[in-house]
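Novice:
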Amino acid sequence: MAMNHKAFTSLLYLKYTHEKKYSVADDAKSLGIKPSTFYNYIEGAAYFPPDLISELYNLHKDLDFLNFFLDATDQMLTPRKKGSSGKDVTAELLDVHTAIGKLNEIFQKSYKDENLSEQECKDIILLINRSQKEIEELRTSINEQNN
30 MAMNHKAFTS
40 LLYLKYTHEK
50 KYSVADDAKS
60 LGIKPSTFYN
70 YIEGAAYFPP
80 DLISELYNLH
90 KDLDFLNFFL
100 DATDQMLTPR
110 KKGSSGKDVT
120 AELLDVHTAI
130 GKLNEIFQKS
140 YKDENLSEQE
150 CKDIILLINR
160 SQKEIEELRT
170 SINEQNN
């Protein structure tokens, strides 16, 4: 499917200039481009890069940006449902405790000589990520229990 650049430019113009729904300066910064470049996209002096479209959508979750592309397909947007962990809060808390305990154990073993190797750093970062995942699952479990 070829991108209809003129129609997308019109959509940008509508959102940023006519409705003034979003800030060009803020969004340009978030997208890693100059505001003048973003104005060129809005005014049609340059085409909006397709690789920035998902980032633009993710800034505001504006369905008009997403539907611009979906309307030309036979696909339909449905909300993504978050799954339930199926564990109660106590079980999730134990998972957090286990993950953080393992992180602490590995860190203490690795940092004995006060110098971490590249592999030890990678292992520790992996355990930090696992701990964060377990904490998020605990947060989800708590929120599910309270709703």
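Read in order, the letters of the sequence shown are residues 30 to 176 in my numbering. The beta-carbon is built from N, C-alpha and C at its ideal position, and this holds for glycine as well.
Taking GLU48 as the reference, which of LEU123, ILE71 and THR119 has the closest Cα?
Specialist: With distances taken between Cα atoms, GLU48 lies closest to ILE71.
Novice: For ASN57, tell me which candidate among LEU40, PHE77 and LEU43 has the shortest Cα-Cα distance.
Specialist: In the sequence on display, residue 57 carries Ala and not Asn. When only C-alpha atoms are compared, the closest one is PHE77.
Novice: So what does DSSP say about PHE77, is it helix, strand or coil?
Specialist: Coil at PHE77, not helix or strand.
Novice: Report the rounded CA-to-CA distance for ASN96 versus SER65, giving the unit in angstroms.
Specialist: If you take the alpha carbons of ASN96 and SER65, they lie about 26 Å apart.
Novice: For the alpha helix (DSSP H) that contains ASP93, what are its first and last residues?
Specialist: From DSSP, the alpha helix (DSSP H) with ASP93 extends over 92-99.
Novice: State yes or no: is the C-beta of VAL118 within less than 8 Å of the C-beta of SER160?
Specialist: Not closer than 8 Å, so no.
Novice: Please return the same chain residues whose Cβ sits closer than 7 Å to the Cβ of SER59, not counting the five positions on each side in sequence.
Specialist: Hits under 7 Å: LEU88.
Novice: Please classify ALA128: is it buried, with 16 or more other beta-carbons within 10 angstroms of its beta-carbon, or exposed?
Specialist: Burial call: buried.
Novice: Excluding five sequence neighbours on each side, which residues of the same chain lie with their C-beta closer than 6 Å to the C-beta of VAL125?
Specialist: Once the five neighbours on either side are set aside, the close Cβ partners of VAL125 are GLU163, ILE164 and LEU167.
Novice: Does the beta-carbon distance from ILE135 to LEU156 come in below 8 Å?
Specialist: The answer is yes: Cβ separation under 8 Å.
Novice: Less than 7 Å separating the Cβ of SER139 from some heavy atom of the ligand COA?
Specialist: Of the ligands one can find in the structure shown there are none, so the ligand COA has no counterpart to examine.
Novice: With a cut-off of 8 Å on the beta carbons, I'd call LYS35 and GLY73 a contact; round off their distance for me.
Specialist: With 8 Å as the limit, LYS35 and GLY73 qualify as a contact, their Cβ atoms being about 7 Å apart.
Novice: With 16 as the cutoff for other CB atoms within 10 Å, does LEU92 come out buried or exposed?
Specialist: It counts as exposed.
Novice: Taking 8 Å as the threshold (C-beta atoms), are ILE154 and SER139 in contact?
Specialist: No, the pair does not count as a contact, with Cβ atoms beyond the cut-off.
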